[in-house]
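Structure first, then comments.
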Amino acid sequence: MSDSRSGGTGKRLRLSLILTVLGASTLALLAWTQVWGTVDVAVSAGGPEPIAVDGSVAAPAITALALAGFALAGALTIAGPLIRVVLGVLEMLLGASVFLSALLAVADPAHASSAAVTAATGIAGRDGVARAVEASATTGWPYLALVAAVIMAGAGFLIVFTTKRWPGATKRHQTVRFEPVTTDAAAGAREPGRAPDAVVDWDELSRGEDPTSESR
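Numbering that gives the first Met the number 0 numbers the first residue of the sequence shown as 0 and each following residue consecutively.
Structure follows, in structure tokens:
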């Protein structure tokens, strides 16, 4: 009873952590697709021009990191104990990378928006963009990416330290037992009333005997 109970707990733990990895990666990818903020850029023709900055511009690496999280969740479903530890460490690294990408975008909006500013105004260079940006505002989406990063790192930590409680791989094959078939091939005769045996009949024919004869 205790073994089945611990096995059920291990299965729930495995499923929960895999779903957590998928959910955190989804949150990071969702945040990446949204507008992370706006910057007011001074232009010579008039007043400041507001420019929206998407997450794909502010933190372009997050998409690859989130997709890597999806792949890692799939690998966890078939990985053995040692590989699960490696995957858990990788998940922590993915979370740390997402966190760093989002944090840099929040800490330096002018640099994070440089690609959008250059595309809209033609102003290039980090220093040029920094001088042109007069004000900036941040939405809540980069903070959601930070939360997703923390969840990813936490899930990786739990994967590493709970992998021994996960159930082992299920054997999807059934052992087949082969039993020897008792024949009278060595003796060269078949007991009366027994069903025909191809091996015995062939041996009898090889010796020139009639296997259908009832006299034997």
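Glycine included, C-beta positions come from ideal geometry on N, C-alpha and C.
Note that the structure is a prediction, hence the values are computed from the model and not measured.
If residue i sits next to residue j, beta carbons under 8 angstroms apart, how far is it from one beta carbon to the other, in whole angstroms?
{"i": "Ala-152", "j": "Ala-70", "result": "Not a contact, Cβ separation roughly 17 angstroms."}
{"i": "Ser-112", "j": "Val-97", "result": "The Cβ separation is near 19 angstroms, so there is no contact."}
{"i": "Pro-166", "j": "Gly-9", "result": "5 angstroms"}
{"i": "Gly-68", "j": "Leu-93", "result": "6 angstroms"}
{"i": "Ile-17", "j": "Ala-72", "result": "5 angstroms"}
{"i": "Glu-48", "j": "Val-42", "result": "5 angstroms"}
Under 8 angstroms between the Cβ atoms of residue i and residue j?
{"i": "Thr-19", "j": "Ala-154", "result": "yes"}
{"i": "Trp-140", "j": "Ala-30", "result": "yes"}
{"i": "Ala-65", "j": "Ser-24", "result": "yes"}
{"i": "Val-159", "j": "Val-88", "result": "yes"}
{"i": "Ala-27", "j": "Ala-147", "result": "yes"}
{"i": "His-110", "j": "Arg-125", "result": "yes"}
{"i": "Ala-58", "j": "Ala-104", "result": "yes"}
{"i": "Thr-137", "j": "Pro-108", "result": "yes"}
{"i": "Ile-50", "j": "Thr-37", "result": "yes"}
{"i": "Ala-115", "j": "Val-52", "result": "yes"}
{"i": "Trp-35", "j": "Gly-54", "result": "yes"}
Use the C-beta contact count for residue i: other C-beta atoms within 10 angstroms, 16 or more gives buried, fewer gives exposed.
{"i": "Val-40", "result": "buried"}
{"i": "Arg-83", "result": "buried"}
{"i": "Arg-13", "result": "buried"}
{"i": "Leu-81", "result": "exposed"}
{"i": "Ala-78", "result": "buried"}
{"i": "Ala-144", "result": "buried"}
{"i": "Thr-162", "result": "buried"}
Going by DSSP, which residues form a beta bridge with residue i?
{"i": "Ser-135", "result": "Val-38"}
{"i": "Pro-49", "result": "Asp-39"}
Could you tell me which uninterrupted alpha helix (DSSP H) segments, each at least 4 residues in length, are contained entirely in the segment 55-127, listed from first to last along the chain?
For the segment 55-127, whole alpha helix (DSSP H) runs of length 4 or above, ordered along the chain, are 61-75, 80-106, 108-111, 113-120.
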